[in-house]
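First to last, the sequence lines map onto chains A and B.
In terms of UniProt numbering, the first sequence opens at residue 1 and continues consecutively.
In terms of UniProt numbering, the second sequence opens at residue 1 and continues consecutively.
Think of the CB as a built atom: it goes at the ideal place given N, C-alpha and C, for glycine as much as any other residue.
Source: prediction; values computed, not measured.
Everything on this sheet refers to the single structure shown next.
There are 2 protein chains.
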Amino acid sequence: MTFPVVGMVGGGQLARMTHEAGIPLGIRFKLLSDTPQDSAAQVVNEVVIGDYRDLDTLREFARGCDVITFDHEHVPTEHLKALEADGIPVRPGPDALVHAQDKGVMRARLDAIGVPCPRHRIVRDPADVAAFAQEGDGFPVVLKTVRGGYDGKGVWVVDSVEEAAEPFRAGVPVLAEEKVDFVRELAANVVRSPHGQAVAYPVVESQQVKGVCDTVIAPAPGLDEDLALHAEEMALSIAKELGVVGHLAVELFQTRDGRVLVNELAMRPHNSGHWTMDGAITSQFANHVRAVLDLPLGDPRPRAKWTVMANVLGGDYPDMYSAYLHCMARDPQLKIHMYGKDVKPGRKVGHVNTYGDDLDDVLERARHAAGYLRGTITE
Amino acid sequence: MTFPVVGMVGGGQLARMTHEAGIPLGIRFKLLSDTPQDSAAQVVNEVVIGDYRDLDTLREFARGCDVITFDHEHVPTEHLKALEADGIPVRPGPDALVHAQDKGVMRARLDAIGVPCPRHRIVRDPADVAAFAQEGDGFPVVLKTVRGGYDGKGVWVVDSVEEAAEPFRAGVPVLAEEKVDFVRELAANVVRSPHGQAVAYPVVESQQVKGVCDTVIAPAPGLDEDLALHAEEMALSIAKELGVVGHLAVELFQTRDGRVLVNELAMRPHNSGHWTMDGAITSQFANHVRAVLDLPLGDPRPRAKWTVMANVLGGDYPDMYSAYLHCMARDPQLKIHMYGKDVKPGRKVGHVNTYGDDLDDVLERARHAAGYLRGTITE
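Right, dumping it as structure tokens:
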């Protein structure tokens, strides 16, 4: 058989779940992981332990792979270009991926292709932040380092010029954005293949707690059909214009005046798409693998009227196994996804999916399980 | 975290799919495989290469496992008893498993607990076969070696005393059975945990071609509700009486006069349960893992009105990858499960699942994909 080898850089839970999705596809899956204890490294057969920032390590890893893809966006662009020059397909490629690595590049490109974003500008210093505030409705202003942020890290909401000093200390360029008056956050997830086939998942509502995704509801309840279609088309258009291959998550603000503005882009399977593992005909992970191999994509439509994903965060108690038994006994329909990670307070260690016809029931079951596993619910 | 380690003996596709189901459960999965090329050995992180017939190998493998379970029924009973004496939970245990290893023991036990079987008797030689035939409706008679058969191997349908010589050549005891006048074959699949919780999947129709499972339809079309319930209760009762832990497949004949008779038992995930991977709320593999760990079992109910599984057998052309692309493009809802095995004519190398509301459509899609992959359909 000539079934191909997919190499994935990064040993986190996204790689773990991509491997899981790759098993039925019959592909061989190779992993480059920081340590043998990483989430994906525990479950993959072919694991190379090494540093993705080292080009020689990447080159050695890429040997024998038919395509390289990613669990995260941190591989340096020049290394990806070197792999491409070696003849290894890198998907998404460096010219696309830079838009998920650098928020300044992303904003400039979205402006150029006419995609609506929050008002924004690269700022040089606190005085420049004050000027940016004055050009709009004043403070608060959102400041973001253009590179290296995730899950609320590298993001500040500042109320004054005094508070604006902190983000500049790292010496990384800083992007200022208006604080959008949004009613909720949405995500439009699409998958695109090298030959240009693309599929769109239904637009979901993403609820954040302290900058970390907490709950995702698929599809977004009560979302106007035209606005949903507009968001899906926007995500498909971004994928095409930026040359994305694989899964693209477009995180959106739904504004009080009925528009959607792009918040962030991620070019890999994404937390807002975890519901697809149990809630869609084809999961985001399976479609990501199919896309990077240029296989025909699978049907992205939902299997249930409502699917809810709730993240399981670490709590104060390190052993989740007894809580786990309780949750399984309480709800035999619950779909639990554990990542094999040590429990640390606030760390994402798993997620649960629930689905059904009654949104209140589906939400309650997901939230109860996630809260019980974390230890914030005890009955 | 104190998530447990499941050790599985045997590197075939059942272990591969059990590992896949174990990943979201967060358990560690250890494999004892004959070779590194075996289906499961390609995708599992912790693989021990060794011979399951060697007790020292089994003991070394079992060290650090919280439970031992099986991809096949071939581990010698005395080795399993030795592991149990070492304090390793073996699930299913040797006293249960012997009923899936030895058809003579199985028939005697089912007789004792009043489960209806085809008329049967252990026979000593061809003359004894002739006597057995005369006691009933004459030839044909089915002869089976009591140990070692699978997928039609070790089974003969003989029309005369002359033909009855062959099965005795291996020197293994031979079981004679009446050739049942059945209208179709069914399977009743159940899962049972050590503390006695049990779940029953809907009874399915299993269509065989040349002694090998070809297509499974879930649920069995047009099956009388009372008969379905009777079959489920029979399977649950067998699981309880025999002390089965894990998945039990009860293969059944549905007779022309409206009864069900037990054909075979398998105490592991089974081909007749592959449809559950995409068609049930909880798959047989996930429930097998939950059972052997004594975790609460998951909901076995179907997610679609009809689910069809079709086995992909090897054909004359060794490279399935281009056929694979065609099938994905033709049917974006198709669920393909490839086992990573080299293609040999007639060898099970994968299966496909389809589901939906219209049985004719669901059947056509599954059969087309399986036939196209094998090469018997070319358009």
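Asked: Element boundaries [alpha helix (DSSP H), containing residue 95 (chain B)]; Found: 94–101
Asked: Paired residues, beta bridge with residue 202 (chain B) - DSSP; Found: DSSP lists no partner for residue 202 (chain B).
Asked: Beta-carbon proximity of residue 61 (chain A) to residue 44 (chain A), cut-off 8 Å; Found: no
Asked: Per-residue burial, residue 160 (chain B) [other beta carbons within 10 Å of its own, 16 or more giving buried]; Found: exposed
Asked: 8 Å Cβ cutoff, residue 191 (chain B) in contact with chain A; Found: no
Asked: Residues of its chain near residue 366 (chain B), where Cβ-Cβ distance is below 6 Å and the 5 sequence neighbours each way are ignored; Found: 308, 310, 352, 354
Asked: Residues sharing a beta bridge with residue 46 (chain B), DSSP; Found: B:30
Asked: Contact set for residue 340 (chain A): own chain, Cβ-Cβ below 6 Å, skip 5 residues either direction; Found: 39, 42
Asked: Chain-ordered neighbours of residue 381 (chain B) on chain A, where CB pairs are closer than 7 Å; Found: One cannot answer for residue 381 (chain B) here, as it falls past the ends of chain B, which runs 1 to 379.
Asked: Residue burial classification, residue 71 (chain A) (beta-carbon count within 10 angstroms, cutoff 16); Found: buried
Asked: Given residue 119 (chain A) as reference, the closest of A:88, A:262, A:164 once Cα atoms are compared; Found: A:262
Asked: Rounded C-alpha distance that separates residue 121 (chain B) from residue 363 (chain B); Found: 38 Å
Asked: Under 7 Å from the C-beta of residue 23 (chain A): neighbouring residues of chain B; Found: 16, 20, 43
Asked: C-alpha distance - residue 208 (chain A) paired with residue 282 (chain A), whole-angstrom precision; Found: 25 Å
Asked: Listed by chain order, chain A residues near residue 198 (chain B) by CB distance under 8 Å; Found: Residues of chain A passing the Cβ test: none, with the nearest at roughly 12 Å.
Asked: Rounded C-alpha distance that separates residue 105 (chain B) from residue 98 (chain B); Found: 7 Å
Asked: Proximal residues to residue 346 (chain A) (C-beta, below 7 Å), its chain only, five neighbours per side dropped; Found: 313, 314
Asked: Cβ of residue 138 (chain A) within 8 Å of any chain B Cβ; Found: no
Asked: Chain A contacts from the stretch 67–92 of chain B (Cβ-Cβ distance under 7 Å); Found: none
Asked: 7 Å CB neighbourhood of residue 181 (chain A) in its chain, flanking five on each side removed; Found: 255, 256
Asked: Contact between the stretch 156–171 of chain B and the stretch 195–204 of chain B (3+ Cβ pairs under 8 Å); Found: no
Asked: Integer-rounded CB distance, given that residue 31 (chain A) should sit under 8 Å from residue 11 (chain A); Found: 6 Å
Asked: Beta-carbon spacing of residue 291 (chain A), residue 245 (chain A) below 8 Å; Found: yes
Asked: Where the alpha helix (DSSP H) through residue 372 (chain B) begins and ends; Found: 359–374
Asked: 7 Å Cβ shell around residue 299 (chain A) - same chain, five flanking residues per side excluded; Found: 281, 282
Asked: Chain B contact for residue 7 (chain A) (CB, 8 Å cutoff); Found: no
Asked: C-beta neighbour in chain A for residue 337 (chain B), strict 8 Å; Found: yes
Asked: Where residue 214 (chain A) falls: helix, strand or coil (DSSP); Found: strand
Asked: Option in B:77, B:54, B:75, B:272 with minimal Cα separation from residue 186 (chain B); Found: B:272
Asked: Runs of beta strand (DSSP E) wholly within the stretch 302–333 of chain A (minimum 3 residues, chain order); Found: 306–313
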